[in-house]
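First the structure, in the form of structure tokens, and then the observations on it.
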Amino acid sequence: MTTAAHAPAATREALGPTLVRLRHEGLDIVVVDADLGKSTSARKFKEEFPERFLTFGVAEQNMISAAAGLATVGHTVFASTFAVFAEHAFDQLRMSVAQPRTNVKVVASHGGVSTGEDGASAQSIEDIALFSSLVNFTVCVPADVVEAAAVVEAAARTEGPFYIRTGRPKTAVIYGDGPRFQIGRADEVRAGSDVTVVACGLMVERALIAAERLQGEGIGVRVVNMSTIRPLDVATLERAARETGAIVVAEEHLMHSGLGAMCAQALATRHPVPVEFVGVDDRYGESGTWSEVLEIMGLTADGVADAVRRVLPRKLG
Numbered sequence: 002m003t004t005a006a007h008a009p010a011a012t013r014e015a016l017g018p019t020l021v022r023l024r025h026e027g028l029d030i031v032v033v034d035a036d037l038g039k040s041t042s043a044r045k046f047k048e049e050f051p052e053r054f055l056t057f058g059v060a061e062q063n064m065i066s067a068a069a070g071l072a073t074v075g076h077t078v079f080a081s082t083f084a085v086f087a088e089h090a091f092d093q094l095r096m097s098v099a100q101p102r103t104n105v106k107v108v109a110s111h112g113g114v115s116t117g118e119d120g121a122s123a124q125s126i127e128d129i130a131l132f133s134s135l136v137n138f139t140v141c142v143p144a145d146v147v148e149a150a151a152v153v154e155a156a157a158r159t160e161g162p163f164y165i166r167t168g169r170p171k172t173a174v175i176y177g178d179g180p181r182f183q184i185g186r187a188d189e190v191r192a193g194s195d196v197t198v199v200a201c202g203l204m205v206e207r208a209l210i211a212a213e214r215l216q217g218e219g220i221g222v223r224v225v226n227m228s229t230i231r232p233l234d235v236a237t238l239e240r241a242a243r244e245t246g247a248i249v250v251a252e253e254h255l256m257h258s259g260l261g262a263m264c265a266q267a268l269a270t271r272h273p274v275p276v277e278f279v280g281v282d283d284r285y286g287e288s289g290t291w292s293e294v295l296e297i298m299g300l301t302a303d304g305v306a307d308a309v310r311r312v313l314p315r316k317l318g
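The sequence shown begins at 2 in the working numbering and counts up by one.
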């Protein structure tokens, strides 16, 4: 994971520099912003291409409507705000982006409860469910800053609506040797034969830490980074269920409506196995440092390890 050459970094840091590089390569990119470009890193694009950067203030619905209009005349449009504020524009996203399949990419930072001190009102715990409900959207939650850059580039080079959730805190670099991201393909980041942990975002690092600890107990944990939530990589999920016989899903999102729910639905119709869940358990967050809030919510390596220990006795056969 993280080495001296790859210091921890926030996934939100990938947006601006990646868009600057892609524009220099000739992609017809326009960025629209809801007054948070410094925090999302989109402002770096403004510094290089001010004529291609439009800010709408605290007006997310207007921003998305404008983004859709710009996309209809041929631009690849990136819309930048916080995850909890992107939710404000759901009707515009449905009517002007999803239904007509306009080429708008929503990159929302400060996702999940790891927004920390900003408190419950700024912690988006339902965004994956909302955006995954929109037909024609691709939904991604990268595991580290390297993968985040690859996701942004893939979105820029792929026609159609995207939602990309990035995070506020600096987290470990998992892909120090470069990204392996492909849209709709999960990545097995650790082999194991006893149980599979399917994770996204910062929970991938926690899953890897848990797997290392459980190895000392003689438990072989496979870790799968499901960075594309929609379309879900059902083939990799089914193979993991058949080969390891039990699944744990770990996410920084409400358990009843996010990655865990989608994995359970897919497995129910293909290869049912015991499943445990690590996520936000039907509650809102609270104010504290991001690590404190994750601890309170059980979104930790210990939380993942405990879920593995719960699911193993339930394995069939």
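From the three backbone atoms N, C-alpha and C, an ideal C-beta is built for every residue, glycine too.
Quantities reported herein were computed from a predicted structural model and do not represent experimental measurements.
- Annotated as proximal: Ala155 and Phe182, with beta-carbon spacing under 8 Å.
- Of the candidates Val196, Glu218, Gly202, Gly202 places its Cα closest to the Cα of Ser110.
- Thr229 sits in a strand when the DSSP states are folded into three classes.
- The DSSP-derived three-state label of Ile220 is coil.
- Distance from the CA atom of Ser122 to the CA atom of Glu239, rounded to whole angstroms, is 36 Å.
- Counting every other CB atom within 10 Å of its CB across the protein chains shown gives Ser292 a total below 16, marking it as exposed.
- Residue nearest to Cys141 within the set Val114, Gln100, Pro170, Arg186 is Arg186 (criterion: CA-CA distance).
- Gly112 and Asn63 have their C-alpha atoms roughly 21 Å apart.
- Exposure of Ser194 is indicated by the presence of fewer than 16 other C-beta atoms within 10 angstroms of its C-beta.
- Counting the other CB atoms within 10 Å of its CB gives Tyr285 a total below 16, which places it among the exposed residues.
- DSSP places Lys45 within a helical segment (H, G or I) once states are collapsed to three.
- Ser42 and Asp34 have their C-alpha atoms some 11 Å from each other.
- Contact between the region 295-311 and the region 271-284 is established, with three or more Cβ pairs separated by less than 8 Å.
- A check of alpha carbon separations from Gly289 across Val199, Thr167, Gly259, Val114 identifies Val114 as the nearest.
- For Ala306 and Thr159, the gap between their C-alpha atoms comes out near 37 Å.
- By the 16-neighbour rule on beta-carbons within 10 angstroms, Ala84 is buried.
- Cβ neighbours of Asp145 within its own chain (closer than 7 Å, five residues either side excluded): Thr12, Thr172, Ala173, Val174, Ile175, Tyr176.
- Linking Ser228 to Gly168 through their CA atoms gives a straight-line distance of about 13 Å.
- Per DSSP, the continuous alpha helix (DSSP H) segment holding Thr237 begins and ends at 235-245.
- Cβ contact annotation for His7 (same chain, cutoff 7 Å, sequence separation greater than five): Val174, Gly177, in chain order.
- For Val309, the enclosing alpha helix (DSSP H) begins and ends at 302-312.
- With respect to the C-alpha of Val224, the residue from Val198, Ala241, Ile230, Val235 having the closest C-alpha is Val198.
- By the Cβ neighbour-count rule, Ala211 is buried, with 16 or more other Cβ atoms within 10 Å of its own.
- Note on Met263: 16 or more other CB atoms within 10 angstroms of its CB, so buried under the neighbour-count rule.
- Note on geometry: alpha-carbon atoms of Ala80 and Ala149 lie some 15 Å from one another.
- According to the DSSP assignment, Gly280 belongs to the beta strand (DSSP E) that extends over 276-281.
- Just measuring C-alpha positions, the residue of Glu253, Leu295, Thr237 sitting nearest Arg271 is Thr237.
- Rounded to the nearest whole angstrom, the CA to CA distance from Ala265 to Leu135 is 19 Å.
- Contact annotation, Gly261 with Val250: C-beta distance approximately 4 Å; criterion of less than 8 Å satisfied.
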